[in-house]
Structure formats: structure tokens, C-alpha cells
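For the sequence shown, position 118 (counting from the first letter as 1) is numbered 118 according to full-length UniProt numbering, and the numbering increases by one without interruption.
Cβ coordinates follow ideal geometry from the N, Cα and C atoms, glycine included.
Source: prediction; values computed, not measured.
Below you'll find the structure, written out as C-alpha cells, and then a few comments.
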Amino acid sequence: MIPLYNTDERYGSVAMFFHWAIALLFLILVVLGLTMTDMEDSNEKWQLYSLHKSFGLTLALLVILRIFWRFTNPVPLLPETLKAYEKFLAHAVHIGLYGIMLIMPISGIIDSYAGGYKVDFFGLSLLPKSPKRSELGESIALMVHVYGSYVFYGLFFLHIAGVIKHHFILKDNTLRRMLPIALRLKIK
Ligand code: HEM
Ligand code: HEM
Numbered sequence: 001m002i003p004l005y006n007t008d009e010r011y012g013s014v015a016m017f018f019h020w021a022i023a024l025l026f027l028i029l030v031v032l033g034l035t036m037t038d039m040e041d042s043n044e045k046w047q048l049y050s051l052h053k054s055f056g057l058t059l060a061l062l063v064i065l066r067i068f069w070r071f072t073n074p075v076p077l078l079p080e081t082l083k084a085y086e087k088f089l090a091h092a093v094h095i096g097l098y099g100i101m102l103i104m105p106i107s108g109i110i111d112s113y114a115g116g117y118k119v120d121f122f123g124l125s126l127l128p129k130s131p132k133r134s135e136l137g138e139s140i141a142l143m144v145h146v147y148g149s150y151v152f153y154g155l156f157f158l159h160i161a162g163v164i165k166h167h168f169i170l171k172d173n174t175l176r177r178m179l180p181i182a183l184r185l186k187i188k
């Protein structure tokens, strides 16, 4: 059994759940976002917008819980063999990813609200339509949302490059300690 809480050596099951559920939601949201904005106006397009907003709000809720959990748990230590700049880079990418996890849903919600659209959560109306449309608010939020997605692609690339380097080149426990399978960490 994997413990619920993190230890200095590995992530616990709750942190793993948050990490993988949010990673999956990011994938779904990016695919939905790019598909829906590319479609001609139609019922299907607006249904995908609704789905994108609902998944985005689900993610926002998970992110709030995840950040709370992050601050009430030890964070597994990075391998001692890493150089100072490598530790700095790993922390910077993680902080950047947390930033993007917050900025994307916030800008998405503001974009919809300022544009005078409703924000539904699987059919449940969370925010009523804004009585007054703000074109400036909408275009700033949209810009943040779109450029935010580009920043995400860059950070995600660095994140995966780091994971690959740790697992295949340095052959340490970095990937294993985030996986619910292959529980046995390699002891050197
Ligand atoms: C982490 C969460 C999210 C991610 C990764 C994400 C990602 C994306 C992407 C990649 C696009 C396409 C951008 C483009 O045109 O290149 C998009 C568009 C959009 N997203 Fe999100 N999104 C997220 C959350 C949300 C939320 C919570 C809402 C609203 C409640 C939202 C509302 C929208 C809207 C309205 C558009 C269309 C903008 C337009 O009209 O061009 N998004 N999103
Ligand atoms: C296939 C995709 C992914 C893989 C293989 C992966 C793998 C990992 C691994 C192995 C760790 C542990 C690093 C360590 O022990 O220091 C980690 C941590 C982390 N990952 Fe991912 N990840 C993926 C997707 C994502 C995505 C999409 C996000 C954000 C949107 C993300 C955000 C993070 C963050 C913030 C941490 C640090 C966790 C903490 O200490 O609080 N990951 N990831």
C-alpha cells in the first residue's frame, strides 16, 4: 500500500492522484481548446466550449486542493547528486507549472464572463451571464489564456525532458516515486 502522505523519499497516493488527474485534464483541455476554436460556428462547437469550461472548472477545484495538500505535506527531496543549477531549474519548472495551473482557469473564466457568455459546470450555471460585455477585459483574458497555453507547452517540454533524463540517463527514482506501480524504489 502506498501511504496517503508524502515522505522525504516518495510521493503519497493523494499527491499522485492530483498529479495524474491534473495531467490528464490538461491533455483533454488542450485538445478540446484547439479543436473547438478551429471549428465553424455550430451546435457541436458550443457543446465543446461547454465541455471545455466544465473540465477547466474541475481542474481549478483539483488545483486548489492540490496546493493545500502541497503545503501540508513534506516534498520529496531531489537527489543529492544534482548540481545547484539543476535543482534550481527543477524548482523553477514546478513553480511555473503551478502558476499555469492557476492562470489558465482564471483567465478562461474571466474571458467567458467578460465576453457575456455563461460559465456552466456540466449544466449547472455557476456564473450568470454578465449584464455588460467588456471587450477590453475579454481580449486581455483571451490573450493571457492563449499565451498561457504556449508557456505551458514550453514548461511541459522541459518537465518531460527532465523526467526522461532522470529515468533513462541518471537512472534515479524520480519517475518511480510518482508512479503507483513499480513501488519498489531503487536503493543504491
Ligand atoms: C488548465 C485549464 C485550461 C487549459 C489548459 C485551457 C486551454 C485552452 C486552449 C489551448 C485553448 C485554445 C486557445 C487557442 O485559440 O489557441 C482554449 C480556449 C478557450 N478556453 Fe481554455 N483552458 C483551460 C481552462 C479554461 C476554463 C476554466 C475556461 C472557462 C471557464 C476556459 C475557457 C476557454 C474559452 C472560452 C476558450 C476560447 C477562446 C476563444 O474564443 O478563442 N478555459 N483553452
Ligand atoms: C506525461 C506527463 C507527465 C509526466 C511523465 C510527469 C512526471 C512527473 C514526475 C516523475 C514528477 C516527480 C518529480 C520529482 O520527484 O521531483 C512530477 C512532478 C510534478 N509534475 Fe509532472 N508529469 C507529467 C505531466 C505534468 C503536467 C501536465 C503538469 C502540470 C500541468 C505537471 C506538473 C508537475 C508538478 C507541479 C510537479 C511537482 C510536484 C510537487 O512537488 O508538488 N506534470 N511529474
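Query: DSSP-derived helix/strand/coil call for Leu124; Result: strand
Query: Anticipated Cβ contact below 8 Å, Ala141 with Asp120, distance rounded; Result: Contact doesn't hold; Cβ gap of about 17 Å is too wide.
Query: Buried versus exposed call for Arg66 [16 or more other C-beta atoms within 10 Å across all chains shown]; Result: buried
Query: Cβ-heavy atom distance, Ser149 to ligand 1, below 6 Å; Result: yes
Query: Neighbourhood of Asn6 by C-beta distance below 8 Å, restricted to the same chain and skipping five residues each side; Result: Gly12, Ala15, Asn73, Pro74, Val75 and Pro76
Query: Inter-residue Cα distance where the pair is Gly162 and Lys83; Result: 14 Å
Query: C-alpha distance - Gly116 paired with Ile109, whole-angstrom precision; Result: 11 Å
Query: Within 7 Å, strictly: CB atoms of Lys87 and Leu97; Result: no
Query: Buried/exposed call for Asn43, threshold 16 Cβ in 10 Å; Result: exposed
Query: Rounded C-alpha distance that separates Arg133 from Leu127; Result: 14 Å
Query: Rounded straight-line distance, which links the Cα of His159 to that of Asp38; Result: 28 Å
Query: Chain-order list of residues whose beta-carbon lies under 8 Å from that of Phe55 (same chain, five-residue window excluded); Result: Leu25, Ile28, Leu29 and Leu32
Query: Range covered by the alpha helix (DSSP H) that runs through Phe168; Result: Premise fails: Phe168 is in no alpha helix (DSSP H) and is neither H nor E.
Query: C-beta contact flag for Val63 and Met101 at 7 Å; Result: yes
Query: Pick from Gly148, Trp20 and Phe122 that is closest to Lys53, judged by C-alpha positions; Result: Phe122
Query: Backbone secondary structure at Val30 - three-state DSSP; Result: helix
Query: Span of the alpha helix (DSSP H) around Pro105; Result: Ala84 to Ala114
Query: Reference Lys129; option with closest CA among Met1, Ile103, Ala114 and Thr81; Result: Ala114
Query: Beta-carbon proximity of Met104 to Gly154, cut-off 7 Å; Result: no
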